[in-house]
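See structure below.
There are 2 protein chains.
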Amino acid sequence: MTVDDAEPLTRSSALSALAPLSFGTLTLWRAMHNFANDKLLELGLYPGQELILLQLYDSDGQTHTDLQRAVRLDHSTVSRTVRRMEQAGLLTRSPGKKDKRAMVVSLTDQGRALQPRVVELWSTVEAVMAEVLTNDRRADFIELAGRLEQTLLAARRSQKLSNADPAQEGI
Amino acid sequence: MTVDDAEPLTRSSALSALAPLSFGTLTLWRAMHNFANDKLLELGLYPGQELILLQLYDSDGQTHTDLQRAVRLDHSTVSRTVRRMEQAGLLTRSPGKKDKRAMVVSLTDQGRALQPRVVELWSTVEAVMAEVLTNDRRADFIELAGRLEQTLLAARRSQKLSNADPAQEGI
DNA sequence: AGCATTTACTTGGCCGGACACATAACTTGG
DNA sequence: CCAAGTTATGTGTCCGGCCAAGTAAATGCT
Numbered sequence: 001m002t003v004d005d006a007e008p009l010t011r012s013s014a015l016s017a018l019a020p021l022s023f024g025t026l027t028l029w030r031a032m033h034n035f036a037n038d039k040l041l042e043l044g045l046y047p048g049q050e051l052i053l054l055q056l057y058d059s060d061g062q063t064h065t066d067l068q069r070a071v072r073l074d075h076s077t078v079s080r081t082v083r084r085m086e087q088a089g090l091l092t093r094s095p096g097k098k099d100k101r102a103m104v105v106s107l108t109d110q111g112r113a114l115q116p117r118v119v120e121l122w123s124t125v126e127a128v129m130a131e132v133l134t135n136d137r138r139a140d141f142i143e144l145a146g147r148l149e150q151t152l153l154a155a156r157r158s159q160k161l162s163n164a165d166p167a168q169e170g171i
Numbered sequence: 001m002t003v004d005d006a007e008p009l010t011r012s013s014a015l016s017a018l019a020p021l022s023f024g025t026l027t028l029w030r031a032m033h034n035f036a037n038d039k040l041l042e043l044g045l046y047p048g049q050e051l052i053l054l055q056l057y058d059s060d061g062q063t064h065t066d067l068q069r070a071v072r073l074d075h076s077t078v079s080r081t082v083r084r085m086e087q088a089g090l091l092t093r094s095p096g097k098k099d100k101r102a103m104v105v106s107l108t109d110q111g112r113a114l115q116p117r118v119v120e121l122w123s124t125v126e127a128v129m130a131e132v133l134t135n136d137r138r139a140d141f142i143e144l145a146g147r148l149e150q151t152l153l154a155a156r157r158s159q160k161l162s163n164a165d166p167a168q169e170g171i
């Protein structure tokens, strides 16, 4: 028995009552993640790896920092994910010419060969989600998600600042 | 340097072009998750644990399966998370009276003592998100997220069925 | 040039989360 | 009542993801 057994679902949990926006985001994410995962495993990939591939398909030869910004991950996560993908033969890493610190990540033929399937995978996820939305609502959702993300990022930044610099608060 | 350094953000990655709904969901989730995490660590909790607490605050004495359904997690995840929380003194586990298989999870005083702080945490996250939305858009988002989740769950179920029972496809 | 700072990445450690497999405890058909 | 099937958990294993701390290379400031 795995996680997807949640029945059609009475979304009446304590959680959705207390924080419907947050819990809605959480459960949507989990459903999407699990749905994509099944397909990912068929490609021999693990979640997150396909994001890096997609980013490289768009523009090969990016550094860890480029990837980290695009995919919104911690450096350490990118570092080890990229290493695993290198070991799997999907890509190569080499120090940059101008900046020896910057590891430049490049696709191998094997990594490039996955492109159609990875693109199809995400297109499928997108299509499944889009099929129950009108174009207006679809655009709405995208705009809302973007705005909420920015709001949360800003809130986190200011929260960290005030923690790091408590002197400001007393003034 | 951690993940939140992504600048105000030109959301123009290859990912948001290919699958804006999916990528929007992903990035929103990550932003929310990271924002909540900072606060969670201050309570000595790890992500996911607070969901179980909230569920128990609503109704103490639930089984693993109850919790798993509410929080949308795998049994194995619930199993180990609950064990860790037991070791941390937040709750206790005991076999059910009628059904000895079913582990009944109950709050300890220590676990119950966290209630105000955990509730406040999620209220804060919710408030941060809600503050940039009109009531209409807020309701919209909640409804959309719920619908999308159901769609994805259904898609995953039918996908698994057709994989498990390929004979059906040829007919 | 020379030393402090910043930047790019690596490592170690810990938890979350999923799957596959194993086990104990109901439940059910004959 | 018993064997077969179902249900509720537990375990092992592997990857994702974060933070904290460490190293190396580039920059800046004097």
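For the protein sequence lines, the chains are A and B, in the order given. For what it's worth, UniProt numbering labels the leading residue of the first sequence as 1, then goes sequentially. For what it's worth, UniProt numbering labels the leading residue of the second sequence as 1, then goes sequentially. Each residue gets a CB set at the ideal place from its N, CA and C atoms; glycine is no exception.
Rounded to the nearest angstrom, what separates B:Asn-135 and B:Ala-145 at their Cα positions?
Straight-line Cα distance between these residues: approximately 15 Å.
Mind checking if B:Ser-22 is an interface residue toward chain A, Cβ cutoff 8 Å exclusive?
So yes, B:Ser-22 belongs to the interface.
Between A:Thr-124, A:Val-118 and A:Gln-159, which lies nearest to A:Leu-43 when the distance is taken from Cα to Cα?
Of the listed residues, the one whose Cα sits closest to A:Leu-43 is A:Val-118.
Distance check for A:Arg-72 and A:Val-82, CA to CA, integer angstroms please.
For A:Val-82 and A:Arg-72, the distance between alpha carbons rounds to 14 Å.
Report yes or no: do the region 14-21 of chain B and the region 43-56 of chain B share at least 3 C-beta pairs separated by less than 8 Å?
No, because fewer than three Cβ pairs between the region 14-21 of chain B and the region 43-56 of chain B fall closer than 8 Å, the two stretches do not touch.
To the nearest angstrom, report how far apart A:Lys-160 and A:Ala-70 are at their CA atoms.
Whole-angstrom Cα-Cα distance: 22 Å.
Taking 8 Å as the limit between beta carbons, can you name the residues of its chain near B:Ala-14, skipping five residues before and five after?
Closer than 8 Å at the Cβ level, and outside the excluded window around B:Ala-14, lies no residue.
Short of 6 Å in beta carbon distance, which residues of its chain neighbour B:Ser-16, apart from the five on each side in sequence? Order them along the chain.
If we look at B:Ser-16 and ignore the five residues flanking it on each side, its Cβ neighbours are Phe-23.
So what's A:Leu-151 in DSSP terms, helix, strand or just coil?
What sits at residue 151 of chain A in the sequence shown is Thr, not Leu. Correct three-state label for A:Thr-151: helix.
Would the beta-carbon of B:Gly-111 fall within 8 Å of that of B:Leu-90?
In this structure, B:Leu-90 lies closer than 8 Å to B:Gly-111 by Cβ.
With a floor of 3 residues, list each beta strand (DSSP E) that falls wholly inside the region 99-160 of chain A, ordered by position along the chain.
The region 99-160 of chain A contains these whole beta strand (DSSP E) runs: 103-107.
Shorter than 8 Å from the beta carbon of B:Asp-38 to some beta carbon of chain A?
At least one chain A Cβ lies under 8 Å of B:Asp-38.
Would you say residue 191 of chain B reaches chain A, if we count a Cβ-Cβ gap shorter than 8 Å as a contact?
Outside the modelled stretch of chain B, which goes from 1 to 171, sits residue 191 of chain B, for which no answer is possible.
Candidates A:Glu-143, A:Ala-130 and A:Phe-141: which alpha carbon is nearest B:Thr-151's?
Checked all of A:Glu-143, A:Ala-130 and A:Phe-141; the closest Cα to B:Thr-151 is A:Ala-130.
Mind pulling the chain B residues with CB within less than 7 Å of A:Ile-142?
The contacting residues are Pro-20, Leu-21 and Gly-24.
Which of the residues in the region 117-132 of chain B, read from start to end, lie with their CB under 8 Å from any CB of chain A?
Within the region 117-132 of chain B, the residues whose Cβ lies closer than 8 Å to some Cβ of chain A are Val-119, Trp-122, Ser-123, Val-125, Glu-126, Val-128, Met-129, Ala-130, Glu-131 and Val-132, listed in chain order.
Residues bridged to B:Leu-91 by DSSP?
Note: B:Leu-91 sits in a beta bridge opposite B:Leu-107.
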